[in-house]
Every structure is written in structure tokens, then in C-alpha cells.
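Colleague:
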Amino acid sequence: GAVLQRVFSISFLALFLELMIIRWVPAVVRVISYFSNVMLISSFLGLGAGCLIFRRGGKGLFRFFPAALTAFVLWIVFCSTISFGSPAEELRYHANTASLTNNLVLSTIFLFNAAMFVCLGEGLALSLSRSRTSRAYTADLLGSLAGTALFGIFSFLWFSPIAGFSIAAALYLLLTKRGERQSAAILLVAALLVVHLASGRSPTIWSPYHHITIDPPHAGPSIAASGSPTIYSIRINHDFYFSCGTLQPDSYMTVEEKEAAREYGVKYGVPHRFGAPARSVLILGSGGGMDVEAALLAGAEHVDAVEIDPVILDIGRTFHSGRPYQDARVAPHVMDARAFLRHTDRMYDRIVFGYLDSQGLFSFMSNVRLDGYVYTVESFREAFAHVAPGGALAVSFAAVRQDWLYRRLAHMLQTATGKTPRAFADMRGPGIILLAFKGAEPEMPDQFDSFRRISPEGIESMEVTSDDWPFLYLKEKTIPSDYRVSMAILLVLSILIVLSTRDRSPTNTETISSGVLPGSEVAHFFLLGFGFMLLETKCITEWSLLFGTSWLVTVLGVGGMLIMALAANLSLGATRKLTSTVLYIFLSCSLLAGLLLPVSNFLAEAEAIRYAAAVLTGLLPVFFAGLVFSRSFSTSNNSCAALGANLIGATAGGFAEYMGMIWGLTILGFLVAAAYTGSWIALSLAGNISQPPDSREAADSVVV
29 GAVLQRVFSI SFLALFLELM IIRWVPAVVR VISYFSNVML ISSFLGLGAG CLIFRRGGKG
89 LFRFFPAALT AFVLWIVFCS TISFGSPAEE LRYHANTASL TNNLVLSTIF LFNAAMFVCL
149 GEGLALSLSR SRTSRAYTAD LLGSLAGTAL FGIFSFLWFS PIAGFSIAAA LYLLLTKRGE
209 RQSAAILLVA ALLVVHLASG RSPTIWSPYH HITIDPPHAG PSIAASGSPT IYSIRINHDF
269 YFSCGTLQPD SYMTVEEKEA AREYGVKYGV PHRFGAPARS VLILGSGGGM DVEAALLAGA
329 EHVDAVEIDP VILDIGRTFH SGRPYQDARV APHVMDARAF LRHTDRMYDR IVFGYLDSQG
389 LFSFMSNVRL DGYVYTVESF REAFAHVAPG GALAVSFAAV RQDWLYRRLA HMLQTATGKT
449 PRAFADMRGP GIILLAFKGA EPEMPDQFDS FRRISPEGIE SMEVTSDDWP FLYLKEKTIP
509 SDYRVSMAIL LVLSILIVLS TRDRSPTNTE TISSGVLPGS EVAHFFLLGF GFMLLETKCI
569 TEWSLLFGTS WLVTVLGVGG MLIMALAANL SLGATRKLTS TVLYIFLSCS LLAGLLLPVS
629 NFLAEAEAIR YAAAVLTGLL PVFFAGLVFS RSFSTSNNSC AALGANLIGA TAGGFAEYMG
689 MIWGLTILGF LVAAAYTGSW IALSLAGNIS QPPDSREAAD SVVV
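Numbering (my numbering), first residue to last: 29 to 732.
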């Protein structure tokens, strides 16, 4: 009982802390916003390395966790002062020219994070060794599930890095020895103080997606609703994101703000200046409400305002002095843009894609950005289907004067609508607005205030983004240079970490004479790790397309995979009479179903059918993959070597996700299938494929 409780608690701590760090670090070190899966891989690698260290005799590293955490947060704060870069192949907002700084920052953060989880991994391995492995692993999975659930609730209701790290620190102190608590508490308090200082002086709001600050910092609802309002600057991860304030110049007192309001009125009003007046309007990415107010000022009788981030919507309600969200003609919706388009049957005179430009990835399990599935040909096509005859589809975008991005958006709109879009570029800033009309195109002037009509040349030469290749910010199908260098460095570091902790003592001298498994078994476990990591990534990415790119999809996805792993572990006894070949057949059929029935076929179906598709193509393969690994691990002659190979494979699988930037996301499914096919061949060569394990081995197996 006490041992299982400790397994549960350490697993809970590890999972909760992992999600906390993945959430916090990108808000402090901006470059991590584009590499958040690095934090996942290093956490996973650290836990595995800690288990390997214990299997070599153990070093008592669990007691060093407070020191490792303090060193980690100190390094994160130091890295926050370093400017990061953007390679020529990819657009990243507020970034300078890419340099080796990106690679150095990523590599060092990877190592510091892995070191922290090594301490937790060794503590977990010690507890696992003191109980029957099947029961201990069940407790391990239940702890991970509880950590995921709590973090999901915590992140949605009231995320705070101070509160989150305090929860982790308190749980660690309960797990440590009484004589070591005082020194541990001192280090943990120091770490919390550093986290507090890193938060800065400005009031901070944490949404499920963003770290948000509002400038001026003394701003408040009383000012927004008073007779002397101001224009607020909303910052994401300390960089400008959007402005919030009424578009009516007469509302302001100062000349500067009157002029700013007039310019914003032009910027947000362009989509409503041409064609027949729009009585019904849909705003996708309504943000602080300026798009919404522009539609109301143009005479709209009904406005559906869709915003994925509930906190940003609340900021618009609170700080926008024009109070557009409180207008009876406006219906706010907290929802992903693609999900809303699938749920509504309304037709609109005007559909406006607001300034949705993302500044980070939507999930630590994927390299697709938050707005990745919004800016695709399929998305534009779905939106245009909801445009009423005589209406128009408008795309507003802040492209930071990237001509290739203008041309790509124009080509996408042309491909989706069959219309040559009209483009207006802001001569005062980086904005561009594209318009496609359903029906006769109205006459348009060459210039409207600061917006000048342009004709992007060579748009057909630009690769369009699609649901299979949702990488709007990549100039071409390639892996950016700093991604390639970082992948190589981190993969080498991962291999070195695993090799340095590998057990060199054979566990069965009758079958092996060295400290490693035969090459075929090494390849088998490597490919199992490779395939499973890619399978997880594939599931999260596909579910975001099925149900919307929201934080809830990621949390439910991780939870669903843990439940499948738990189900596989509990099913080992019931499946002990099945050979590994039979399990591979079940796994192959589930993977084949995912290849033959891609989730894109179900986007227009009812929600129940989409859930069934998610289970069939996602969770079912995870279940059978868990069974295959459990069986292989239970019959391994050297569990340490098997675990080391599996960890290296998982790390390689995490980096292999970037292949989707070249060949599209469909390649992930083929890579998963190839990995498991290769693992079956390797297992056959090792001679462990035909016989099921005895009942004792099946009951005591461990899944890692």
C-alpha cells in the first residue's frame, strides 16, 4: 500500500511538473514557443535515464531534485534575456536573423530539464522495484492520469507558475525524508522566488494558450468604461499581439489616441467598404473586439464573433470602451474557427478572417501552430461555402512585409474560391487584406486611405497550405536550418545520456555474454520507441483537425493515451495465450485503418462519427502498440538494454515528426507503420515471435 502510494505520487508529480514546465518555459524564453516538443522529449528522456541509473545500482539522485529545479529555473530566467532568431525559411514574429544562439539555448535547456527529471526517474524506479511490477505500473499510470487531469483543470481555471511550482514543491517535500526536508525546502523556496521574479512587474494573465500582459499596466475596467478611455496594448509572451480600444476617435482626449483610433478604424473597416452592406457578419478570430466594432459601425445587424481564447474574449469585454461584445447584435463564441464552421448552418454576407497570426505551437505534441488549420485551402473553402450570394470572404493578415506570404495567401484564396482575390496592402504597416466575392465583383478604388490596391505576381508558383501540410509560415517544404541543427545536437545528446547510464552487466549469462542485447532485439526496441512517439504525435495532430485546435483536445488526447496504456497493461493476463505475431496482426489492422480512412474523410460528419473515427484511427492503435511493447519487455533478456534502445528510439521518433514539414503529415502514418513492421521483423530475427510468455511473466511485465 505505502509503496504503491509513493509510485502514484511520484508519477503524479512528474506528469504535473512536465506539463507545468511545457506551459511556463515558452512564456519566458520565446524561442521555445516554436520547439515545445523539445521539453516533452527531454522530460521523457530524463525519466528513462533515471530508471537506468537505478538499475546500475542507484545514486540516490531523488534528493537532488530541489537543486536541479533551482538550477533549471535560474537558467530559464537567464535565457530570457537572449534574443532569438528566425531562419530565412520560416516566419517568426518579433525575431531577428537566426544564429547559433537558438541551438545553444535549446541544447542547454534540454540538458537542464533532463537532469531534473533524472532525479524523479530514479526515485520512481526505486519505488517500482519494491512492488509487483504490474500493480506498480498500474499505480504509475493512475498517477500520470491524475496529474494530467489536475493540470487540465488548473490550466483552464487559474494557471499560475507560482501556484503550479508550489504544488510540485509541496508534494516533493511530502515524499522526501524528514531529515532532508529543511535543506530541500530552502532550495525550493529559492526556485519559487526566481519564478516570481521572472514573472515581471506587470499584471499577468494566463489563458489556456497564452501568457498575457496589458499595457498600460495600471489599466482597469473603470478606465475602459469611463468617458476618457485609452487604447490598450495586449502582449503575448512579452511581445505585442493586438490593440484593444474603440475605433471612434471622438471618444478619446489626446490627439495621439484620436489619430490611432482613426487608423485602426481604416485597418479594420476595409473588409466592409466594398460591395453591398453586410447585414450578417462572421468574424473568425475576433480578439479584443475591434473587428466586431468595425462590422457594427458598417451597419451589421448580426455578428458572430468567434475567438478560441476565452481570456482574450474577456479582455475585449472588459477593456474595449466601445463595448462591442455587450451589443445585443453580437453573439460571442469561444471556439476554434474550423470547429465553428462545421457547427453552423448560417449564411453570411461577410466572413472576415481576423488578424489570427500565431506566435507559437498549439501543442507540445505537434509542430503545427495554433492557427495552422485555419489558414489552409480546405478552411477557406469551408468558409466560402457559408458566404451568401453577393457576399464576400475577407482575409486580414499582418504578414510583416513578407511578399511570399502575400502570394501564398492569394493563391490559397484563389484555389479555394475559384476567384482571383483583390488585395490591399497597408502602406503604413505590414498588414494586407484579401477579398473574394461570391457573384459580381464591385468596383474598387486603387487606394483607400493608407491601403493601396496591389496585384501580387507569381501567386501560382507558391505552394498552398492544406490540412495535410498546414505550415503557412514555412516559405517552402523544408525543415528550417535551426530545426535541423538543433535536432542533430539534441539527438546526439540523447544518445550520450542513454549510453552513459546503460547497464553493462548482463542479466542472463546463459543467453548473452555482453552487457547489451543482440542487435536484432536492440533494433526491435528502438523501433517500438520510435513508432510509439510518432503515433502519439499523429493522434494529437489529427484530433486537433477533427475537434478543433484547442487546449482541451491536447489534454484529452494525453489522457486518452494513458487510459489505453493502462488498459493494455491490465489486459496482459487475458492475452497471455496470444503470440506476438497475433498482437502485431491486430496492430497492423488498426494502423491500416488509419491509413485507408484518414480523418479528413470525417470532417463533415456528425460529432459522434468523428469520435468513433478518433477511437478507430488513434486510440485503438495505441492500445495494441502498448500490448506489443508489454509482451516484448516481459520476455527481454536484458531489460536495461531494452529500455535504453527504446528511449533512443522514442527520442528519434520525436524529432522525426519534423519530416511532416517536407512531405506532409500523412507521412507520419507511414513512418509509424514502417517502424512497427521493422520491429516485427527484428523480433522475428531474434527468435522471440512464436511463443507466448508464461502466465507469471505476463502478470509481472512492465510497460515503460
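By construction, the Cβ of each residue, glycine as well, lies at the ideal position given by its N, Cα and C atoms.
Do the CB positions of residue 361 and residue 333 come within less than 8 Å of each other?
Modeller: Closer than 8 Å, so yes.
Colleague: Pull up the distance between the alpha-carbon of residue 141 and that of residue 70, whole angstroms please.
Modeller: Rounded to the nearest angstrom, the two C-alpha atoms are 6 Å apart.
Colleague: Counting pairs of Cβ atoms below 8 Å between the segment 102–114 and the segment 38–47, do you hit three or more?
Modeller: With a cut-off of 8 Å, the segment 38–47 and the segment 102–114 do not count as touching, because too few Cβ pairs lie within range.
Colleague: Are at least three pairs of beta-carbons, each pair with one atom in the segment 441–455 and one in the segment 406–414, less than 8 Å apart?
Modeller: Contact holds: three or more Cβ-Cβ distances are below 8 Å.
Colleague: Can you find at least 3 beta carbon pairs, one from the segment 163–170 and one from the segment 50–66, that sit closer than 8 Å?
Modeller: The segment 163–170 vs the segment 50–66: no contact.
Colleague: May I ask which residues mark the beginning and end of the beta strand (DSSP E) holding residue 480?
Modeller: Its beta strand (DSSP E) spans residues 479–482.
Colleague: Looking at C-alpha atoms only, which residue of 582, 699 and 664 is the closest neighbour of residue 237?
Modeller: Selected option, being the one with the closest Cα: 582.
Colleague: Return helix, strand or coil for residue 537, following the three-state DSSP convention.
Modeller: Its pLDDT being 38, under 50, residue 537 is placed unreliably by the model, and the measurement read from it follows with that caveat. Coil at residue 537, not helix or strand.
Colleague: Taking only three categories from DSSP, how would you classify residue 315?
Modeller: Three-state result, residue 315: coil.
Colleague: Report the residue from 146, 293 and 584 whose alpha carbon sits nearest the alpha carbon of residue 181.
Modeller: If we check each option's Cα against that of residue 181, 584 comes out closest.
Colleague: Using CA coordinates, which residue listed in 287, 508, 572 and 280 is at the minimum distance from residue 116?
Modeller: Nearest of 287, 508, 572 and 280 to residue 116, Cα basis: 508.
Colleague: Please classify residue 393 as buried or exposed, where buried requires at least 16 neighbouring CB atoms within 10 angstroms.
Modeller: So residue 393 ends up on the buried side.
Colleague: Use the C-beta contact count for residue 65: other C-beta atoms within 10 angstroms, 16 or more gives buried, fewer gives exposed.
Modeller: Result: buried.
Colleague: How many angstroms separate the CA atom of residue 32 from the CA atom of residue 553?
Modeller: Those two C-alpha atoms are separated by around 27 Å.
Colleague: Grab me the residues of residue 62's own chain with a C-beta within less than 7 Å of its C-beta, minus the 5 sequence neighbours each way, in chain order.
Modeller: Result list for residue 62: 120, 388 and 389, in chain order.
Colleague: With DSSP collapsed to three states, give me the class of residue 137.
Modeller: DSSP places residue 137 in helix when its eight states are reduced to three.
Colleague: What alpha helix (DSSP H) runs, 4 residues minimum, are completely inside the segment 673–705?
Modeller: 688–691, all fully within the segment 673–705.
Colleague: Would you list, in sequence order, the uninterrupted alpha helix (DSSP H) runs of no fewer than 4 residues that lie entirely inside the segment 256–318?
Modeller: Whole alpha helix (DSSP H) segments, 4+ residues: 283–297.
Colleague: Would you mind working out which of 156, 173 and 616 sits nearest residue 593, comparing C-alpha positions?
Modeller: Per the Cα distances, 173.
Colleague: Compute the beta-carbon to beta-carbon distance between residue 226 and residue 105, rounded to the nearest angstrom, for a pair I have assumed lies under 8 Å.
Modeller: So it is a contact: roughly 5 Å between Cβ atoms.
Colleague: Can you look up residue 549 in the DSSP assignment and give me helix, strand or coil?
Modeller: Three-state DSSP puts residue 549 in a helix.
Colleague: Please report the Cβ distance between residue 377 and residue 464, rounded to the nearest whole angstrom; I am assuming they are in contact, meaning their Cβ atoms lie under 8 Å.
Modeller: Actually they are not in contact, since the Cβ atoms of residue 377 and residue 464 sit about 14 Å apart, beyond 8 Å.
Colleague: Could you tell me which of 674, 480 and 335 sits nearest to residue 458, measuring between CA atoms?
Modeller: It is 480.
Colleague: Give every residue of the same chain whose Cβ lies closer than 7 Å to the Cβ of residue 439, excluding the five residues on either side of it in the sequence, and list them in chain order.
Modeller: So the qualifying residues of the chain are 487, 488, 490 and 492.
Colleague: Helix, strand or coil, according to DSSP, for residue 377 in the structure here?
Modeller: Residue 377: strand per DSSP, three-state reduction.
Colleague: Taking only runs that begin and end inside the segment 454–498, name each unbroken beta strand (DSSP E) of 3 or more residues, in chain order.
Modeller: With a minimum length of 3 residues, the continuous beta strand (DSSP E) runs that stay inside the segment 454–498 are 459–465 and 479–482.
Colleague: Quick one: grab the DSSP three-state call for residue 54.
Modeller: Of the three classes helix, strand and coil, the one that applies to residue 54 here is helix, per DSSP.
Colleague: How many Å lie between residue 367 and residue 414 at the Cα?
Modeller: Answer to the nearest angstrom: the Cα atoms are 13 Å apart.
Colleague: Buried or exposed for residue 75, going by 16 or more other Cβ atoms inside 10 Å?
Modeller: Buried, since its Cβ has 16 or more Cβ neighbours within 10 Å.
Colleague: Specify the secondary structure class of residue 450 as computed by DSSP and reduced to three states.
Modeller: If DSSP states are grouped into helix, strand and coil, residue 450 belongs with the strands.
Colleague: Give the DSSP-derived three-state secondary structure of residue 328 in the structure shown.
Modeller: Of the three classes helix, strand and coil, the one that applies to residue 328 here is coil, per DSSP.
Colleague: Throw me the rounded Cβ distance for the residue 137 and residue 103 pair, which I believe falls under 8 Å.
Modeller: Indeed they touch by this definition, with Cβ atoms about 7 Å apart.
Colleague: Assuming residue 88 contacts residue 146 (C-beta within less than 8 Å), just tell me the rounded distance between them.
Modeller: Not confirmed; about 12 Å, so no contact.
Colleague: So residue 352 packs on residue 320, CB below 8 Å; how close in whole Å?
Modeller: Going by Cβ atoms, the distance from residue 352 to residue 320 rounds to 4 Å, so yes, they are a contact pair.
Colleague: With 16 other CB atoms within 10 Å as the buried threshold, where does residue 216 fall?
Modeller: By the 10 Å Cβ count, residue 216 comes out buried.
Colleague: Opposite residue 243 in the DSSP bridges: which residues?
Modeller: Paired residues: 261.
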